[in-house]
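As structure tokens, the structure follows; a few thoughts come after it.
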Ligand code: GLC
């Protein structure tokens with residue numbers, strides 16, 4: 155049996171009846187992350203405030219210039235769909251504290267910019283219209299809020315007299331604000347399918363300042379509120395208490411993920427160029443081929459991919475992101491069948507190959523195109539039919555006898571259980587070629 159992650163345990167301390175619906179998540183396998191906020195204007199990483207030790211008053215000037223005249227969330231949604239994505243996760247607030255919605259809890263929001271319209275409302279509407287699932291990212295951290303104590307990630311961490319200045323800050327007041335904003339988001343925008351909190355760091359930093367974790371955020375209470383307001387919502391694992399989805403960031407796990415020996419839902423979040431927010435001069439882009447391999451690699455290990463785009467300050471996707479997503483989508487259009495509803499396969503894959511499986515269909519993703527033949531251990535006698543997925547062209551199958559000696563022009567078999575697939579010399583012109591195998595009962 156293929157072990158799709160629907161059978162994986164949701165990492166939750168609640169009883170089974172409280173386990174949220176994760177079917178759409180493991181079926182879809184692929185989502186779009188969108189990091190967008192004031193930091194799109196400086197255009198040099200979403201952490202610009204801390205990286206450049208910017209003071210609140212100075213950073214706030216971007217409020218006056220945030221006017222994304224090209225913001226068209228329907229276009230975002232269509233781009234996501236064309237790339238094969240089934241859900242989108244938007245930063246409602248990042249660490250800089252700027253709210254993309256019409257929050258009543260502060261005036262540090264899009265309503266105070268020249269744009270002056272609720273970006274989150276438009277986003278949700280567009281996703282629903284395009285049939286995509288709705289995800290919110292929400293930063294636990296807030297470098298703008300006057301009650302948020304200065305810690306080692308804070309832009310003010312090097313300004314001296316921290317103990318004195320923290321004496322005037324009250325985490326309890328910030329916690330109330332955090333809960334109130336999350337409540338707004340989960341009350342005013344209809345059904346929300348996924349909430350991605352970010353992030354906890356409950357240890358001491360290099361300068362001895364304490365980070366923040368479950369007690370600071372009031373995580374238990376916050377999670378209870380979230381589940382009460384949105385029954386069935388999936389919540390990630392960054393509240394410093396167990397969540398529903400484990401979220402490795404900027405790396406690919408090498409096998410299906412487990413917590414305490416139990417399989418878990420997981421989703422790798424990945425960037426196009428190493429930054430999450432729009433980062434104009436960062437050209438460290440992954441190729442579309444690599445992005446496809448990352449998706450495949452994740453699904454082969456029962457995981458999802460949340461692939462990020464950082465829109466510009468005008469509200470559109472920059473040309474490189476658009477091109478990469480287009481190339482990625484071109485692969486998906488032909489090969490989505492090897493991703494959607496698929497998970498870890500029952501057979502161990504040979505070198506340079508990743509398997510995914512959905513019931514009787516086994517998908518063989520070939521990362522390095524071999525010469526003439528591909529040898530698949532353990533599959534002899536188990537296959538009914540095989541074809542290249544990109545053009546549905548039949549592939550011949552052979553079982554080579556390991557006892558017959560190799561001749562000048564004849565191969566010897568590897569082992570009795572190995573199935574050999576004859577391949578064309580020319581690699582199909584796709585990022586990652588896929589063989590679709592129909593297994594016998
Ligand atoms: C990190 C970063 C952040 C990004 C996020 C995405 O924790 O702080 O900038 O939003 O990961 O997972």
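Residue numbers (this note's numbering): 155 to 595.
Ideal placement from N, C-alpha and C gives every residue a C-beta, glycine not left out.
Handout entry: Residues bridged to residue 241 (per DSSP)
Key = The residue labelled residue 241 in the question sits at position 87 within the chain shown. According to DSSP, which records beta bridges pairwise, residue 241 is partnered with 185, 287.
Practice task
Can you tell me the Cβ-Cβ gap for residue 534 and residue 573, rounded? I've got them flagged as a contact below 8 Å.
Solution key: The residue given as residue 534 occupies position 380 in the chain shown. The residue given as residue 573 occupies position 419 in the chain shown. About 5 Å separates the two Cβ atoms, so the contact holds.
Problem - Residue range of the unbroken beta strand (DSSP E) whose run includes residue 457 - result: Stepping through the chain shown from its first residue, residue 457 is reached at position 303. That run of the beta strand (DSSP E) goes 457 to 463.
Exercise for the section: Apply the 10 Å Cβ neighbour rule to residue 326 and answer buried if 16 or more other Cβ atoms are within range, or exposed otherwise. Expected result: Start at 1 with the first residue of the chain shown, and residue 326 comes out as number 172. Exposed, since its Cβ has fewer than 16 Cβ neighbours within 10 Å.
Exercise for the section: Figure out for me which residue from 399, 438, 536 has the closest Cα to the Cα of residue 421. Expected result: Here the question's residue 421 lines up with position 267 in the chain shown. Closest option to residue 421, Cα to Cα, is 399.
Problem - 7 Å Cβ shell around residue 241 - same chain, five flanking residues per side excluded - result: Counting from 1 along the chain shown, the entry for residue 241 is found at position 87. Excluding sequence neighbours, residue 241 sits near 182, 185, 286, 287, 289, 347, 348.
Handout entry: Residues of its chain near residue 483, where Cβ-Cβ distance is below 7 Å and the 5 sequence neighbours each way are ignored
Key = Counting from 1 along the chain shown, the entry for residue 483 is found at position 329. The residues are 236, 237, 238.
Exercise for the section: For residue 564, name the three-state secondary structure that DSSP assigns. Expected result: As a working note, residue 564 is residue 410 in the chain shown. Strand.
Handout entry: Buried/exposed call for residue 522, threshold 16 Cβ in 10 Å
Key = Reading the chain shown from its first residue, position 368 is the one you call residue 522. Exposed, since its Cβ has fewer than 16 Cβ neighbours within 10 Å.
Exercise for the section: Name the two residues that bound the continuous alpha helix (DSSP H) containing residue 446. Expected result: In the chain shown, counting from the first residue as 1, residue 446 sits at position 292. From DSSP, the alpha helix (DSSP H) with residue 446 extends over 442 to 454.
Exercise for the section: Assign residue 548 to one of two classes, buried (16 or more other C-beta atoms within 10 Å of its C-beta) or exposed (fewer than that). Expected result: The residue labelled residue 548 in the question sits at position 394 within the chain shown. Residue 548 is exposed by the Cβ-count criterion.
Exercise for the section: Identify every residue that forms a DSSP beta bridge with residue 528. Expected result: What you label residue 528 is simply residue 374 of the chain shown in a count that begins at 1. Paired residue(s): 575.
Handout entry: Contact test: residue 352 Cβ vs ligand 1 heavy atom, cutoff 6 Å
Key = Taking the first residue of the chain shown as position 1, residue 352 is located at position 198. For ligand 1, at least one heavy atom lies less than 6 Å from the Cβ of residue 352.
Exercise for the section: Would you mind sorting residue 514 into buried or exposed? The rule is 16 or more other CB atoms within 10 Å of its CB. Expected result: Counted from its first residue, the chain shown places residue 514 at position 360. Exposed, since its Cβ has fewer than 16 Cβ neighbours within 10 Å.
Exercise for the section: Say yes only if the C-beta of residue 279 is nearer than 6 Å to one or more non-hydrogen atoms of ligand 1, and no if none qualify. Expected result: Taking the chain shown and counting its residues from 1, the one referred to as residue 279 is at position 125. Not so, every heavy atom of ligand 1 lies at least 6 Å from the Cβ.
Exercise for the section: Note down, in chain order, each residue of its chain lying with its Cβ closer than 8 Å to the Cβ of residue 338, except the 5 sequence neighbours on either side. Expected result: Residue numbering aside, residue 338 sits at position 184 when the chain shown is read from its first letter. Within the same chain, residue 338 has close Cβ partners 255, 257, 258, 259.
Practice task
For residue 430, verify whether its CB is less than 6 Å away from any heavy atom of ligand 1.
Solution key: In the chain shown, the residue the question calls residue 430 occupies position 276. Under cutoff, so the answer is yes.
Practice task
Locate the beta strand (DSSP E) running through residue 421, then write down its first and last residues.
Solution key: Position 267 of the chain shown, counting from 1, holds the residue named residue 421. Counting along the chain, the beta strand (DSSP E) containing residue 421 begins and ends at 419 to 424.
Problem - Cβ contact check for the region 405 to 412 and the region 455 to 463: 3 or more pairs under 8 Å - result: yes
Exercise for the section: Measure the C-alpha to C-alpha separation of residue 160 and residue 403 and round it to an integer number of angstroms. Expected result: Residue mapping note: residue 160 aligns to position 6 of the chain shown, counting from 1. Residue mapping note: residue 403 aligns to position 249 of the chain shown, counting from 1. The pLDDT assigned to residue 160 is 37, lower than 50, so where the model puts this residue is not dependable; a value taken from the coordinates is nonetheless given after this. Their backbone Cα atoms lie some 22 Å apart in a straight line.
Handout entry: Nearest to residue 571 (by Cα), restricted to the options 501, 464, 462
Key = For this step, residue 571 is matched to residue 417 along the chain shown. Per the Cα distances, 501.
Practice task
Would you kindly check if the distance between the Cβ of residue 413 and the Cβ of residue 508 is under 7 Å?
Solution key: Locating residue 508 in the chain shown gives position 354, counting from the first residue. Locating residue 413 in the chain shown gives position 259, counting from the first residue. Going by C-beta atoms, residue 508 is not nearer than 7 Å to residue 413.
Practice task
Determine which residues share a DSSP beta bridge with residue 428 and list them.
Solution key: Indexing the chain shown from 1 puts residue 428 at position 274. Its beta-bridge partners do not exist; DSSP assigns none.
Exercise for the section: Would you check if the region 437 to 449 and the region 201 to 217 touch, i.e. whether three or more CB-CB distances between them fall below 8 Å? Expected result: no
Problem - Stretch-stretch touch, CB-based, cutoff 8 Å, three pairs: the region 357 to 364 with the region 385 to 399 - result: no
Practice task
Please report how far the alpha carbon of residue 232 lies from the alpha carbon of residue 279, in whole angstroms.
Solution key: Taking the first residue of the chain shown as 1, we reach residue 232 at position 78. Taking the first residue of the chain shown as 1, we reach residue 279 at position 125. Roughly 13 Å separates the two Cα atoms.
Problem - C-alpha gap between residue 379 and residue 262, whole angstroms - result: Residue 379 sits at position 225 when you count from the first residue of the chain shown. Residue 262 sits at position 108 when you count from the first residue of the chain shown. Taking the straight line from one Cα to the other gives about 24 Å.
Practice task
Tell me, please, whether the region 576 to 591 touches the region 554 to 565 by the rule of three or more beta-carbon pairs shorter than 8 Å.
Solution key: no
Problem - heavy atom of ligand 1 below 6 Å from residue 515 C-beta - result: Along the chain shown, one-based indexing puts residue 515 at 361. Answer for residue 515: no, Cβ out of range of ligand 1.
Problem - Where residue 511 falls: helix, strand or coil (DSSP) - result: Counted from its first residue, the chain shown places residue 511 at position 357. Correct three-state label for residue 511: strand.
Problem - Assigned secondary structure, residue 497 (DSSP; H/G/I helix, E/B strand, else coil) - result: As a first step, residue 497 must be located in the chain shown, where it is residue number 343. Reduced to three states, the DSSP call for residue 497 is strand.
Exercise for the section: Could you tell me if residue 381 is buried or exposed, where buried requires 16 or more neighbouring beta carbons within 10 angstroms of its beta carbon? Expected result: For this step, residue 381 is matched to residue 227 along the chain shown. Per the 10 Å Cβ criterion, buried.
Practice task
Under 7 Å Cβ to Cβ from residue 219, same chain only, skipping five residues before and after it: list those, please.
Solution key: By one-based count along the chain shown, residue 219 stands at place 65. The answer, listed in chain order, is 195.
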